[in-house]
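A quick write-up on the structure given underneath.
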Amino acid sequence: MQAISNLLLDKFHDLSDPEFIRDFESVAQIQKVKQGEMIIDYGDFISFVPLVISGLIKVSRTNEEDREILLYFLSGGDTCASSFSCCMIKKRSEIQAIAEEDSTLIAIPMEAADRWMSEYKVWRDFVFSNYDQKMYQLIDTIDRLAFSQLDQKLIDYLEDRSRFTDDGVIHVTHSVIAHDLNVSREAVSRMLKKMENQGMVTLERNSITLND
DNA sequence: ACATTAAGTGATT
DNA sequence: AATCACTTAATGT
62 MQAISNLLLD KFHDLSDPEF IRDFESVAQI QKVKQGEMII DYGDFISFVP
112 LVISGLIKVS RTNEEDREIL LYFLSGGDTC ASSFSCCMIK KRSEIQAIAE
162 EDSTLIAIPM EAADRWMSEY KVWRDFVFSN YDQKMYQLID TIDRLAFSQL
212 DQKLIDYLED RSRFTDDGVI HVTHSVIAHD LNVSREAVSR MLKKMENQGM
262 VTLERNSITL ND
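Take 62 as the starting number for the first sequence in the working numbering and just add one per residue.
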């Protein structure tokens with residue numbers, strides 16, 4: 062039980078309250094997910110709040126016309142903002158979370174996450190600041206979908222994703238990008254080629270490097 | 001060696 | 001910019 066709180070403190074420094082940690086240890090569960098694994102699907106009843114320790118999670122939503130839109134990514138130190146609201150009002154999930162890489166999560170039972178809101182200031186602050194942060198990311202996403210042309214969308218997308226790598230190499234195929242941005246694969250390939258000619262990126266099979 | 005998948009390209013709408 | 005048809009290159013079995 063020592064290990065799990067170390068994981069917590071390593072990625073979530075804001076939650077370092079001794080009393081909280083003790084309570085946390087009694088309910089938290091480590092959950093490992095493999096790349097491509099569906100963590101939350103539409104209509105799932107969410108019974109826990111996930112805290113992401115490592116890896117990368119893609120949170121997205123698909124509309125009636127089967128178009129998937131990317132909402133945001135979660136990496137170490139993040140939590141799923143919409144899972145809170147989902148839990149609190151006992152609603153089924155409106156979104157989908159898929160592991161983009163092998164990832165490690167800590168699952169907090171909804172009952173505890175709820176109770177902590179009134180018991181621990183560190184937890185409450187953490188939840189709200191995270192919610193706020195994710196809201197801004199969502200606004201960015203909306204801007205991107207509504208107003209940007211493909212070149213800008215691509216740059217934003219790549220910058221967004223490169224924040225989650227330490228060597229600047231993004232492991233992704235053109236068709237995955239195309240899918241995330243709701244454009245054709247050919248358009249992505251052509252645009253990336255242009256960007257490569259301008260020296261902005263370096264292209265390899267299955268990976269893209271963003272050059273400042 | 002062969003099949004599959006990723007990426008590049010030109011033509012058409 | 002999307003779709004189609006096709007080519008080329010890399011990777012897996």
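Glycine residues also receive a C-beta, built at the ideal position from the N, C-alpha and C atoms.
Here the structure is a predicted model, which is why all the values come from computation and not from measurement.
When DSSP builds the beta bridges, which residues end up paired with residue i?
| i | result |
| --- | --- |
| residue 242 | Answer is none; residue 242 lacks a bridge partner. |
| residue 159 | 99 and 119 |
| residue 249 | Paired residue(s): none; residue 249 is not in a bridge. |
| residue 262 | 271 |
Can you tell me which of the three DSSP states residue i falls into?
| i | result |
| --- | --- |
| residue 268 | strand |
| residue 153 | strand |
| residue 165 | strand |
| residue 202 | helix |
| residue 230 | strand |
Apart from the five residues on each side of it in sequence, which residues of its chain come closer than 8 angstroms, Cβ to Cβ, to residue i?
| i | result |
| --- | --- |
| residue 271 | 219, 220, 223, 229, 231, 261 and 262 |
| residue 186 | 75 |
| residue 82 | 66, 69, 70 and 76 |
| residue 138 | 72, 73 and 113 |
Leaving out five residues before and five after residue i in sequence, what residues of the same chain have Cβ atoms less than 6 angstroms from its Cβ?
| i | result |
| --- | --- |
| residue 225 | 117 and 136 |
| residue 170 | 88 and 109 |
| residue 250 | 235 |
| residue 144 | 107 and 110 |
For residue i, count the other beta carbons within 10 Å of its own beta carbon; 16 or more makes it buried, fewer makes it exposed. Which is it?
| i | result |
| --- | --- |
| residue 191 | buried |
| residue 157 | buried |
| residue 132 | buried |
| residue 254 | exposed |
| residue 227 | exposed |
| residue 91 | exposed |
| residue 203 | exposed |
| residue 140 | buried |
| residue 164 | buried |
In chain order, what residues of the same chain lie with their CB nearer than 7 angstroms to the CB of residue i, ignoring the 5 residues before and after it?
| i | result |
| --- | --- |
| residue 216 | none |
| residue 105 | 153 and 154 |
| residue 160 | 94, 95, 96, 97, 98, 100, 116 and 118 |
| residue 199 | 132 and 133 |
In chain order, each alpha helix (DSSP H) run of at least 4 residues that lies wholly inside the stretch 63-135: 63-72 and 79-88
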